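Read in order, the letters of the sequence shown are residues 91 to 619 in this note's numbering.
The beta carbon of each residue, even a glycine, is placed where N, CA and C say it ideally should be.
A quick note: this is a predicted structure, and the numbers were derived from the prediction, not measured.
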Amino acid sequence: MAPIDLPTAVDVQLVKNLSSSLNDYDALVLVATDLNEITPYLDVAVTKHLQSFREVNSSFHDDITVSVHENVPGKRLVFSPTGPVNRDYDDVRRFSDAALAGVKKAIGIGAKAPLVASFGSTKYRQANLVTLLAALEATYVPLQVREEVPDKKTKVNKLGFFTGQASPDNEYDQRLIDYARAVEFGRAVGRDIGGADPERMAPPRVAEYVQELFGKSSGIKVNVIKDKKEFEKGYPLFAAVNRAASVVDRHHGRLIFLEYVGEGEINTTALFVGKGITFDTGGLDIKAGGHMAGMSYDKCGAANVTGFFKVLSELKPKQFKAIGVLAVARNNCGEEGYTGDEVITSRGGVRVRIGNTDAEGRMVMADPLCYIKELAVKEVNPHLFTMATLTGHVIRAYGSNYTATVDNGPARGAEISQKLQAAGDEVGDPFEISTVRREDYAFIADESETADVLQCNNLPSSGTSRGHQFPAAFLARVSGLDKHGLDSAQPLRYTHLDIAGSGGELPQSPTARPIPALCQMFIADRVLH
């Protein structure tokens, strides 16, 4: 096995004074809403220089300005404006958009050590964090580029970071930098797994990557199941999807189990199942007409669960526990492929009739969800999640930038989706809230005596009413979580996250969302304050 070129965290240094950093960096990137607000922090000559540009450029506060000046690092000056931030429809992504574009521009003109200046916001309290995360995102180099084109392995050598609202002792700003570096480390892992091609991240190689990523000192326990008989016995729905690919060793599926236990008395437990379909042909209900292209990104749910655990490994939050299952398989078509009309009994004892082999995501997750449900009843303050690029319907409903969150009754009562949405809004990782209804449970009820549940209809989800809500009902019903609802003696909070829209698509790298929102919800307060 060739060595794996794991991502490394970019060196970020806190800069206290813009004027004293001329020789340490080779570009200055100003991320700001208005030039007038930042002039107190700038050299007088630089201020006049930018003001002269503003006088002759009516779109100065709308477009990036690149210029040359002796009094900035490397003589490269990039002014990257956020544009308006106070309209009804503006949000903190104005800062991430500006920072991402500005740092990309700096790299594009030759900078290897850009200094990013962020000046905060009275409206968005995490504007500096969002700016730094975007700056770090601009430095990401895909795994296969790092491994195959060594001279393109890195884009920058280091980043400088200046905030116009530095605390007196700089301790909080340094913690913010450490936190952002850890979150970006996790996102890089998510992009590595999610974005690599179907052979580079075939199931066995996903397992190899995860095992190397989480070594003995990582604080993350890793266990991998690859035995077909174990799949058939404990995870029969996963085994069905894996059948066609299992005849090719390099495509044979893996179930990867992760665990993190923080120091101290645990007060919160998060349990995740991530969909890791390394390539989705649709199975025997094959994706025809060009719809198969891009299906290597169908593993982004599992990729992002792994990334979240990498953040845990870096920051080691106390009194927090996390359990994860990565359901990693390839949905092949072939003589061993599972078929429509099959009836398969799940781990939870529910008889499932297959309606469409292209609805494999809910199949590979249902049994692992049942497994973490069995664990959750013994855990402290458990929150269960499934994360998947699951449906085209969610893109039809909400567009390509938003994660849909669907709560069961106990999660809705605890306002988990609202808390996730609020956390995401703070860090530019937005959610839309959907609701599972009685119609969704009625939709999946099989009308025959042979089966309890219908896995899917035989139309695309994008052409099916409630096409991203009823899969959440399927997952709850088949895993047995419907027995842990509001009316049960032991209710369990469960939230399904559909990232088909927010996860990204080729030719861009995956977004690794919703890692920032999950970190904001579960980790930030434990390590930043």
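Asked, Found
"Measuring straight from C-alpha to C-alpha, what distance separates D572 and A566?", "5 Å"
"Can you look up F304 in the DSSP assignment and give me helix, strand or coil?", "coil"
"Taking the alpha helix (DSSP H) that E127 falls in, what are its first and last residues?", "L125 to I128"
"Using the three-state DSSP reduction, which class does Y131 fall into: helix, strand or coil?", "helix"
"Can you give me the C-alpha to C-alpha distance between M455 and F328, rounded to a whole angstrom?", "7 Å"
"Could you give the residue range of the beta strand (DSSP E) that holds P204?", "P204 to S208"
"Distance, Cα to Cα, V162 vs V136?", "8 Å"
"Can you give the beta carbon distance from D497 to T585, rounded, assuming they're within the 8 Å contact cut?", "5 Å"
"Run through DSSP, which three-state label would P174 get?", "coil"
"Quick one: any contact between the region 350-358 and the region 419-439, if contact means 3 or more CB pairs under 8 Å?", "no"
"Quick one: what's got a C-beta closer than 6 Å to L112's C-beta in the same chain, skipping five residues either side?", "P163"
"Kindly indicate the opening and closing residues of the alpha helix (DSSP H) around P88.", "Residue 88 lies beyond the residue range present for the chain, which begins at 91 and ends at 619; the question has no answer from this structure."
"Helix or strand or just coil, what does DSSP make of F150?", "coil"
"Report the rounded CA-to-CA distance for V517 versus R277, giving the unit in angstroms.", "14 Å"
"If you drop the 5 nearest sequence neighbours on each side, which residues of the same chain put their C-beta closer than 7 Å to that of G557?", "T481, H483 and S551"
"Please go through the same chain and pick out, in chain order, the residues whose beta-carbon is closer than 6 Å to the beta-carbon of M385, but skip the five residues on each side of it.", "F369 and D370"
"Is L618 close to chain D? Criterion is C-beta to C-beta, closer than 8 Å.", "Although the question refers to chain D, the structure presented lacks it and comprises just one protein chain."
"Using a Cβ-Cβ cut-off of 8 Å (strictly less than) and excluding sequence neighbours within five positions of D101, which residues of its own chain qualify?", "N247, K248 and L249"
"If the criterion is Cβ atoms closer than 8 Å, does the pair R344 and P294 meet it?", "yes"
"Round the Cβ separation of C390 and I589 to the nearest angstrom and send it over; I've been treating them as touching at under 8 Å.", "6 Å"
"Among S157, G503, A535 and D519, which residue has its Cα nearest to the Cα of T525?", "G503"
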